[in-house]
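**Student:**
Numbering (the numbering used here), first residue to last: 6 to 189.
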């Protein structure tokens, strides 16, 4: 799928509905959302899409913190919106790890998240205002990797001309960790 097609798909959803919580976005696209505890280990599955009788279900690891669950949910919604389920290989068992750093479909879903959550003007303003991508991402309330995907798209469209200071591959979501809660 082309970058332009991903941008159009994400932009149409945002234009028609605004930026809505993933639960509401699932309803809009006719998908189900199913939180399931899948563990807190480093290699625990974060989420996946299951399709049965033409109904797509986003399954997300409910052991994740809510902020991370939301990003994973948007990512899985991206797979549905981009019609990755039409690919026979998408639903093979090996794909349940989802975050293979060689996967074009994972990159596309990550790009969808960036294009849906981050509008161009606000993102450009934050990238110029903050000294580093990590501060800009924190102010936009997204992981730096999602901001890096958006920055690459802005570069692609010649809206900014800056190097993206972090390298991100499609597998970054599989490495997302949540901070341990302080007992203090």
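Glycine residues also receive a C-beta, built at the ideal position from the N, C-alpha and C atoms.
Could you please give me the residues that DSSP links to residue 31 through a beta bridge?
**Tutor:** Counting from 1 along the chain shown, the entry for residue 31 is found at position 26. In the DSSP output, where bridge partners are listed per residue, residue 31 has none listed.
**Student:** Who are the near neighbours of residue 161 in its chain, counting only those whose CB is closer than 7 angstroms to its CB and skipping five residues on each side?
**Tutor:** Taking the chain shown and counting its residues from 1, the one referred to as residue 161 is at position 156. Hits under 7 angstroms: 8.
**Student:** Assuming contact is defined by CB atoms lying nearer than 7 angstroms, are residue 14 and residue 86 in contact in what I supplied?
**Tutor:** Here residue 14 refers to the residue found at position 9 when the chain shown is read from its first residue. Here residue 86 refers to the residue found at position 81 when the chain shown is read from its first residue. Yes, the pair counts as a contact, with Cβ atoms nearer than the cut-off.
**Student:** Flag this pair as touching only if the segment 50-57 and the segment 66-77 have three or more C-beta atom pairs under 8 angstroms; answer yes or no.
**Tutor:** Yes: at least three Cβ pairs fall under 8 angstroms.
**Student:** Using 8 angstroms for Cβ pairs, my map puts residue 122 next to residue 90. What's the rounded Cβ distance?
**Tutor:** The residue labelled residue 122 in the question sits at position 117 within the chain shown. The residue labelled residue 90 in the question sits at position 85 within the chain shown. About 22 angstroms; that fails the 8 angstroms criterion.
**Student:** Sort 163, 84, 45 and 6 by Cα distance to residue 30 and report the nearest one.
**Tutor:** Residue numbering aside, residue 30 sits at position 25 when the chain shown is read from its first letter. Answer by Cα proximity: 84.
**Student:** Buried or exposed for residue 101, going by 16 or more other Cβ atoms inside 10 Å?
**Tutor:** On the chain shown, residue 101 is found 96 positions in, with the first residue counted as 1. Residue confidence is low: residue 101 scores 37 on pLDDT, short of 50, so the model does not pin down where it sits. Its coordinate-derived value is still stated next. Exposed, since its Cβ has fewer than 16 Cβ neighbours within 10 Å.
**Student:** Within a Cβ cutoff of 6 angstroms, which residues of the same chain sit near residue 155, ignoring the five residues on either side of it in sequence?
**Tutor:** For the purposes of this step, residue 155 is taken as residue 150 along the chain shown, with counting starting at 1. Closer than 6 angstroms at the Cβ level, and outside the excluded window around residue 155, lie 119, 123 and 128.
**Student:** Are residue 145 and residue 163 close, meaning C-beta to C-beta below 7 angstroms?
**Tutor:** Translated into the one-based positions of the chain shown, residue 145 becomes position 140. Translated into the one-based positions of the chain shown, residue 163 becomes position 158. For residue 145 and residue 163, no; Cβs fall outside 7 angstroms.
**Student:** Comparing alpha-carbon positions, which option in 58, 108, 149 and 65 lies nearest residue 44?
**Tutor:** Looking up residue 44 in the chain shown gives position 39. Out of 58, 108, 149 and 65, 65 has the C-alpha closest to the C-alpha of residue 44.
**Student:** Name the two residues that bound the continuous alpha helix (DSSP H) containing residue 74.
**Tutor:** The sequence position of residue 74 within the chain shown is 69, counting from 1. Looking at the DSSP string, the run of the alpha helix (DSSP H) that includes residue 74 is 71-86.
**Student:** Once the 5 residues before and after residue 3 are set aside, which same chain residues still bring their CB inside 6 angstroms of it?
**Tutor:** This structure gives no information on residue 3, because the portion of the chain shown stretches from 6 to 189.
**Student:** Would a C-beta distance cut-off of 7 angstroms place residue 11 and residue 113 closer than the cut-off?
**Tutor:** Within the chain shown, residue 11 is the residue found at index 6, counting from 1. Within the chain shown, residue 113 is the residue found at index 108, counting from 1. Against a cut-off of 7 angstroms, the Cβ pair of residue 113 and residue 11 comes out as a contact.
**Student:** So, with DSSP's three-state summary, where would you put residue 54?
**Tutor:** Locating residue 54 in the chain shown gives position 49, where the first residue counts as 1. Here residue 54 sits in strand by DSSP.
**Student:** Expressed to the nearest angstrom, what Euclidean distance is found between the alpha-carbon atoms of residue 111 and residue 140?
**Tutor:** Within the chain shown, the letter at position 106 stands for residue 111. Within the chain shown, the letter at position 135 stands for residue 140. Cα to Cα, residue 111 sits roughly 25 angstroms from residue 140.
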